[in-house]
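Data block below; observations after.
In my numbering, the protein residues as written are 7 to 356.
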């Protein structure tokens, strides 16, 4: 989809400017490169020679060793892992340094852009014939609404949001920083495109990391009432074609959900987790971040997923494990409880 984007990038910036703003240093061997200009800030796997990136999680060590980035914010201990083509920008807290560098590249990203115009439907919005805008809906500048889509009363469609054809946005829903396909249903009170929960934490306080990614929702997705889908930090949060999401589900920044997944109510999916196609998650599940759940996997209700799950497997429990192992543990606990009760019939402290 051809789209102008939601943020106005500022740059390029020299390495000297970046380290001065980000409280980092350039090692002496690289000082002569302080005038090199960086055009953008990107993740390790997407960065090129004119981009700066950061490394602060050992799960991405393999990506660090082969990154094509021109410069990387790293700790002193990790600098030796960089390719020879990358300039180390050494920081005591590389994630905080990255957060500060984002301020230079995206100075207008401190607050979201929603609907700054004077009228409820901005005159620059592109609304196809046959779209229905109910009373009280707000449509921001540069937004586009496809034919046959209904925007219910009280919904807010933000700046440059694009929504395809034959969809429905429920009453009181808010959509910002998102590109949405055809035949998408978003129920009442859902929140799409707000800040991801990103902070560089430290003893001096928690430094907010600007979230400059988007939410991409593909065709035929349904999102339940009062669910929340955060926009990405640098990459996009993606919901794949045909996926169905129940009420009160939280999907964090940079999550990628494949096609035709089913996610039941009160589930929370932490940042940068990947669900491959046809994953099913029962109600009240939760995952840690930066894991992968394989295609066709099924996760039982109230499970706490703390590690990646191979494709096609069925897991349950907290911490989640293969279903057969979990069932054996539950059965064993029941037997132990019965035995204890039989051995201590007068014990009332169970």
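Where is the CB? At the ideal position from N, CA and C, for every residue including glycine.
In this text, all values refer to a predicted model and were calculated from it rather than measured experimentally.
Alpha-carbon to alpha-carbon, residue j and residue i
i, j, result
"residue 36", "residue 102", "22 Å"
"residue 113", "residue 209", "26 Å"
"residue 287", "residue 246", "15 Å"
"residue 318", "residue 150", "39 Å"
"residue 360", "residue 351", "Nothing can be reported for residue 360, as the shown portion of the chain is limited to 7 through 356."
"residue 104", "residue 342", "52 Å"
"residue 111", "residue 59", "12 Å"
"residue 346", "residue 340", "10 Å"
"residue 163", "residue 285", "29 Å"
"residue 305", "residue 34", "51 Å"
Member of the options whose CA lies at the smallest distance from the CA of residue i
i, options, result
"residue 96", "126, 61, 89 and 73", "61"
"residue 262", "308, 270, 192 and 222", "222"
"residue 100", "347, 135, 28 and 121", "28"
"residue 79", "89, 45, 25 and 195", "25"
"residue 142", "148, 155 and 160", "160"
"residue 203", "77, 167, 278 and 252", "278"
"residue 312", "304, 296, 302 and 306", "296"
"residue 308", "331, 292 and 69", "292"
"residue 21", "12, 167, 31 and 15", "31"
"residue 119", "182, 220, 76 and 168", "182"
"residue 132", "158, 170 and 107", "170"
Residue interval of the alpha helix (DSSP H) (run including residue i)
i, result
"residue 309", "Careful: residue 309 lies outside any alpha helix (DSSP H) and carries neither H nor E."
"residue 25", "21–28"
"residue 108", "100–111"
Bridge partners - residue i, DSSP secondary structure assignment
i, result
"residue 93", "77"
"residue 322", "327"
"residue 150", "132 and 168"
Residue i, DSSP secondary structure in three states
i, result
"residue 119", "coil"
"residue 57", "strand"
"residue 224", "coil"
"residue 190", "coil"
"residue 43", "strand"
"residue 127", "strand"
"residue 180", "strand"
"residue 86", "helix"
"residue 339", "helix"
Cutoff 8 Å: residue i Cβ touching any chain B Cβ
i, result
"residue 247", "The displayed structure is made up of one protein chain only, and chain B is not part of it."
N- and C-terminal bounds of the beta strand (DSSP E) containing residue i
i, result
"residue 69", "Note, residue 69: premise wrong, no beta strand (DSSP E); alpha helix (DSSP H) at 67–72."
"residue 245", "243–245"
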